[in-house]
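Chains as they are written, first to last, in the numbering used here: chain F, 1 to 469; chain Z, 1001 to 1469.
Protein chains: 2
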Amino acid sequence: MLATKEFNVKKSDFWEWYNSIIYAADLVDNRYNLQGFLVHKPAGAFMIKRITELLEEGLNKTGHEEVLFPIGIPKENFELEKEHVEGFAPELFWITKMGDKDLPRPFALRPTSETAFYQMYSLWIRSHNDLPLKYYQAGTVYRAEKETSPFLRGREFYWIETHCAFQTKKEALKQVKEDQKVFGKVLKTYLGLNYMVFDRPEWDKFAGAEKTIAFDTLLPDGKVLQVGSTHYLGQKFSKPFNIKADNEFVYQTCFGHGVWRVVAAVVAIHGDDKGLKVPSQISKIQVAIVPVGKNDKTQVFKDVKKQLKSFRVQIFDDIDKSFGFKLNQTELLGIPVRVEVGDRELEAGQATIFDRFTGNKKQVSLVSLKKEVANLFKEQEANFKNLKDLPVYQIDSISDLKEGGIARAYFIGTKGTEAEQAAKDLQEKTNGVKVRGTLFGVKETVPEGAKCFMTGKPAKCVVYLAKQY
Amino acid sequence: MLATKEFNVKKSDFWEWYNSIIYAADLVDNRYNLQGFLVHKPAGAFMIKRITELLEEGLNKTGHEEVLFPIGIPKENFELEKEHVEGFAPELFWITKMGDKDLPRPFALRPTSETAFYQMYSLWIRSHNDLPLKYYQAGTVYRAEKETSPFLRGREFYWIETHCAFQTKKEALKQVKEDQKVFGKVLKTYLGLNYMVFDRPEWDKFAGAEKTIAFDTLLPDGKVLQVGSTHYLGQKFSKPFNIKADNEFVYQTCFGHGVWRVVAAVVAIHGDDKGLKVPSQISKIQVAIVPVGKNDKTQVFKDVKKQLKSFRVQIFDDIDKSFGFKLNQTELLGIPVRVEVGDRELEAGQATIFDRFTGNKKQVSLVSLKKEVANLFKEQEANFKNLKDLPVYQIDSISDLKEGGIARAYFIGTKGTEAEQAAKDLQEKTNGVKVRGTLFGVKETVPEGAKCFMTGKPAKCVVYLAKQY
């Protein structure tokens, strides 16, 4: 069931490339007969599962516990937090019938689970002994998006959401920082993906949040992709949901890890003209073995397989296909390490190992094959540590904006109607460039006398600008 | 957030006990405001997750691959297989609205996924090279049950479903046997649960199947619980869904592993008057450490914790609670191993370990604590191997039936209207005793001249009878 076609799309045509590679490498199938819903084939399902597991590992280590909430949320729950219901109402899928009967109380597929979790938190939290409460749930959420795109925007979206409650504001704000570490460990260390963390402007917050801190990565076409976001909710939900510890309303945070979007970032950022490059932590096949000729029946070849059995291995031995075709196929699928074993090499006790990330090849002794492959995985992860900063360029006026990329500019502010209007004007004039926010956790000072690049009035902050997915 | 109340219900009042223990041990909360939907707290969510993982391990080892299908199934898919749609139509939840707009094509929450998978199989399967195809999906299914009961019957039900396609009938029937091994490994070896495997009568098959083989375990009140079922579908779906390999319709099987019901069986079968007994493989807390007094600050105590860090450990050191209360609490939660460390014991380099399954206590040296705990887990699993057969008693007439338990009887048959009518009569006269089927994989011969216990006519088979959950 693996990809069997040639792949000939250049990554320089990014959008066409992206929309070809995800099917060519058999991650998903878009022929399911329900608009905006996708079927995930084994390689795609595996990436989702492993990214989820890696994030969960980080959450478990930092004292979070997993819970499972119903997929349905009754209408009345949404209505408790006004901004929240206004934000999500147009996107809800409603279940209105059971068999052939109308349901007296329709319920929605969860678009996010604040209003499911927090009614229970009001029952579970009684005193400071119950705090901090740090729960998470991994799964799917449902939003009636008009336009959908695999791994980027879908009616069925894979993610993890955490919901934490604390006694003090200080602890809640500390959680926002911890969230960054958990996310960073997976994205940077295991997956080699860099991102910037922004404090979103007031007008671009999560519906119902006091503050939204978001993780933006940069795709090759110069648009940014939000891969996760942490929200400081303050007491905005604890008051309507009546969540009190010792008679004080709790302070809350929630965090959405966009598992689906992490897959998109892995595909888009690592891939090249030949296909995917999948980090070994999340690749369903870690090692491709490509025998030259029919040596897969020999004893030596069996030893090779046996040596590598602690990895996830697949042998590419389809006799109907050429050696070259099979090499291409392993590259299209993005398998991080390939072992090529020719008849003559086998006799000489050698094999060739290929690194999909660097393209380097190396002859190694069969005796130490296992160690060499393990080392190559380590090297690949070590290279992920040399993450380059996302490229940012400074602008002084709207005419300095380039077609893609992240721009830095002095701006009038991140709240209030004047700033919001300036951001809207920018978006209209530029066909979609948005104010992503100010850098989170870094104080950037505005030089004496600097002017807002949009309004010409005195600037109050340094913001970053980009088009988004 | 752990249970803090006393638990005083006797298991002899099984139904009351079951419906108390699942809340007292904090597995689920039933106060979510959507009928038939439950919230799973960390201990319950963990059991679901680990049972799922153990089953997946078995599936992966036998060549199955995980896929992820949409939660929604369009109406037209159901209508392709007539028996299937008739079986499931009354149980479907329908999504009919998106925001405030009516959907032109409503879709249902999946009650099971045959009709989602098989339309894709007709695209994926082209030739014998694509076979066997063995995919599975772990998650939830949705059925509008009228009466629901935690882990037994719910509108949101956790399970795994496998969908396999083969070139020949023989291979498909072989798969049915492999399914038993995968299921048996988890249920018997890891969880210590026995069950019987029945070939269900014609009238009690899965909607659309040629043959249904089901796994029934026995709960303490004498009713059986179906924890899983394998279906041989033959070509009943491949024909309407047009799934052909080299122009021949494929043969199919599917298998539902009732993860939720396995939790129910663990709770119901292992538990006792004091609370749960959770096998170490699926227990969120594997080792409870209960310090006597405040010794948790001493160096020796820190060493104890460090020694046990490869297990999932929780320390019960709430100073507001008595030592006795804490011991009871660990037993209520079903933590398989408890380590008690008193001040004097610590000084003498000793601790006491307690086996929740046997109730045995043992003093061990602190130096070898890790090994002793590991051994105790091994012993517990070794004891699971001494599984007793489910008790079965022979009956000759309906008046021999006892209140609970599994009866064995000679019967007129497992298909045809006469047999079905006899089964219906039995059910009516006995307030619910059902013909579970004939033993699967074992040929039981009917003695010369034996009569059907219901009709008095010549018996054709040996069947088993029980009330069911």
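Just so you know, even glycine gets a beta-carbon here, dropped at the ideal spot from N, CA and C. Nothing here was measured: the structure is a model prediction, and the numbers come from that model.
query, result
"Short Cβ contact (8 angstroms threshold) for Val373/F with Leu308/F", "yes"
"Option in Ile1335/Z, Glu1066/Z and Lys1361/Z with minimal Cα separation from Leu1133/Z", "Glu1066/Z"
"Where Phe1093/Z meets chain F, residues with beta-carbon distance less than 8 angstroms", "Ile95, Lys97 and Met98"
"Contacts that Ala1089/Z makes with chain F (C-beta to C-beta distance below 7 angstroms)", "Gly99"
"Proximity test, Cβ basis, 8 angstroms: Tyr232/F and chain B", "Absent here is chain B; the protein component of the structure consists of chains F and Z."
"Member of Lys1101/Z, Phe1088/Z, Lys1424/Z and Lys1451/Z whose CA lies at the smallest distance from the CA of Glu1202/Z", "Lys1424/Z"
"Buried or exposed by the 16-neighbour rule on C-beta atoms within 10 Å, applied to Lys1041/Z", "buried"
"For Lys1361/Z, the first and last residue of its enclosing beta strand (DSSP E)", "Lys1361 to Ser1365"
"Under the three-state DSSP convention, the category Leu1333/Z falls into", "helix"
"Classification of Ser1283/Z by the beta-carbon crowding that lies within 10 angstroms, buried from 16 upward", "buried"
"Cross-chain neighbours of His128/F in chain Z, by beta carbon under 8 angstroms", "The premise fails here: His128/F is roughly 13 angstroms from chain Z at the closest Cβ pair, so nothing lies under 8 angstroms."
"Inter-stretch contact at 8 angstroms, needing at least 3 Cβ pairs: the stretch 1024 to 1038 of chain Z / the stretch 248 to 262 of chain F", "no"
"Contact with chain Z by Ala45/F, beta-carbon distance below 8 angstroms", "yes"
"Cβ-based neighbour list, Met1/F, same chain, cut-off 8 angstroms, excluding 5 preceding and 5 following", "Unreliable positioning characterises Met1/F in this predicted model, as indicated by a pLDDT of 45, which lies under 50. A coordinate reading is not provided."
"Rounded C-alpha distance that separates Gln1394/Z from Cys1461/Z", "14 angstroms"
"Within-8 angstroms CB hit, Thr1455/Z to chain F", "no"
"Test item: CB-CB of Gly472/F and Phe411/F under 8 angstroms", "Because chain F is modelled from 1 through 469, residue 472/F falls outside the range shown and cannot be assessed."
"Proximal residues of chain Z, C-beta to C-beta of Asp29/F below 9 angstroms", "Met1120, Leu1123 and Trp1124"
"Identified DSSP bridge partners for Gly72/F", "Leu109/F"
"Alpha-carbon to alpha-carbon, Ala1288/Z and Val435/F", "51 angstroms"
"7 angstroms CB neighbourhood of Phe1301/Z in its chain, flanking five on each side removed", "Pro1291, Asn1295, Val1341 and Leu1346"
"According to DSSP, residues forming a beta bridge with Leu1133/Z", "Ala1165/Z"
"Per DSSP, the bridge partner or partners of Cys254/F", "His163/F and His231/F"
"Chain F within 8 angstroms of Ile1071/Z, Cβ atoms only", "yes"
"Where Met454/F sits in the DSSP three-state scheme", "coil"
"Positions along the stretch 1134 to 1156 of chain Z whose CB lies within less than 9 angstroms of some CB in chain F", "Tyr1135, Gln1137, Gly1139, Thr1140, Tyr1142, Ala1144, Arg1155 and Glu1156"
"For Gly1413/Z and Ala1450/Z, the rounded distance between their alpha carbons", "13 angstroms"
"Where Pro74/F falls, given that 16 or more other Cβ within 10 Å makes a residue buried", "buried"
"Cα-Cα separation between Glu382/F and Trp17/F, rounded to whole angstroms", "Reading the sequence as shown, one finds Ala at residue 382/F and not Glu. Cα to Cα, the separation comes out at about 28 angstroms."
"Closer than 8 angstroms to chain F by CB, Tyr1023/Z", "no"
"Contact check, Tyr136/F vs Leu59/F, beta carbons under 8 angstroms", "yes"
"Rounded distance between the beta-carbons of Glu1331/Z and Gly1404/Z, thought under 8 angstroms", "Not really, about 27 angstroms apart at Cβ, beyond 8 angstroms."
"C-beta neighbour in chain F for Pro1042/Z, strict 8 angstroms", "yes"
"Classification of Asp29/F by the beta-carbon crowding that lies within 10 angstroms, buried from 16 upward", "buried"
"Strand pairing of Arg408/F, partner residues [DSSP]", "Gln394/F and Tyr464/F"
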